[in-house]
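Numbering (my numbering), first residue to last: 3 to 225. For each residue, glycine too, the CB sits at the ideal point set by N, CA and C.
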């Protein structure tokens with residue numbers, strides 16, 4: 003795995019990764035007298051497609067609740083993407099690096115934690131279950147700050163300039179090759195590898211059906 007390949011599943015289970023920072027205990031995390039509290043990055047799971055709504059709402063609530071001096075940044079890491087539509091047209095867009103999550107840089111205390119958790123469409127912090135909790139507190143999640151390595155990997159991935167190509171394709175679709183050595187060949191999709199931005203298609207080469215691997219950027223979908 004490369005230093006930028008952090009998946010959504012890994013983010014959701016980040017508290018279990020090797021070398022992760024410990025789960026924060028609020029009492030233990032209180033700064034020593036005379037020392038400024040430290041702001042850390044936390045991953046917050048949100049309802050599907052509500053990332054921007056949560057960001058805007060939490061920014062407003064932080065001001066209203068008087069914790070905007072401790073909730074310092076709210077980010078939705080995104081990377082450039084090119085979407086190829088069914089008619090073959092391409093549109094530039096942005097793709098969320100971790101759909102379903104926002105990142106919050108904050109000083110963790112009871113007030114800031116409640117401000118985040120009570121924001122509409124927020125599910126919970128990424129963290130570990132408090133196994134010592136009983137009764138209604140059972141299942142309570144203790145937020146875990148992201149390690150410096152995790153933060154660097156996330157924002158490095160978001161800073162990549164090479165667009166991710168997204169194609170609305172499934173097995174059996176007909177395609178036209180638009181670039182490369184097989185330009186102008188037509189074929190049928192037999193495999194789609196979204197993570198690699200590639201597909202396999204059967205092309206008729208010298209009268210024989212031959213499987214060929216192509217990049218999404220080299221094809222257009224036939225209607």
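Contact check for residue 188 against residue 224 passes: the beta carbons are separated by less than 8 Å.
By the CB criterion at 8 Å, residue 125 and residue 104 fall outside the cutoff. Between residue 66 and residue 122, the gap from beta carbon to beta carbon reaches 8 Å or more. Assignment of residue 72 by DSSP, reduced to helix, strand and coil, places it in the coil class.
Rounded to whole angstroms, the gap between the alpha carbons of residue 203 and residue 80 is 30 Å.
Residue 157: member of the alpha helix (DSSP H) spanning 150-160, first to last residue. Within 10 angstroms of the beta-carbon of residue 161 lie fewer than 16 other beta-carbons, which makes it exposed.
For residue 107, the secondary structure class from DSSP, reduced to helix, strand or coil, is strand. Under the 10 Å beta carbon count, residue 147 is surrounded by 16 or more other beta carbons and is classified as buried. Residue state for residue 181 is assigned as coil, using DSSP reduced to three classes.
Comparing C-alpha distances from residue 195 to each of 180, 173, 85 shows the shortest one belongs to 173. Excluding sequence positions up to five before and after residue 57, its CB lies within less than 7 Å of the CB of 76, 78, 104, all in the same chain and listed in chain order. With respect to residue 214, residue 205 sits close: the two C-beta atoms are nearer than 8 Å.
Exclusion of the five residues before and after residue 69 leaves 113, 114, 117 as the residues of its chain whose Cβ lies within less than 6 Å of its Cβ.
Judged by DSSP secondary structure, residue 114 falls within the alpha helix (DSSP H) whose first and last residues are 112-119.
Rounded to the nearest angstrom, the gap between the Cα atoms of residue 72 and residue 175 is 51 Å. Looking at the DSSP output, residue 205 sits in a beta bridge with 189, 212.
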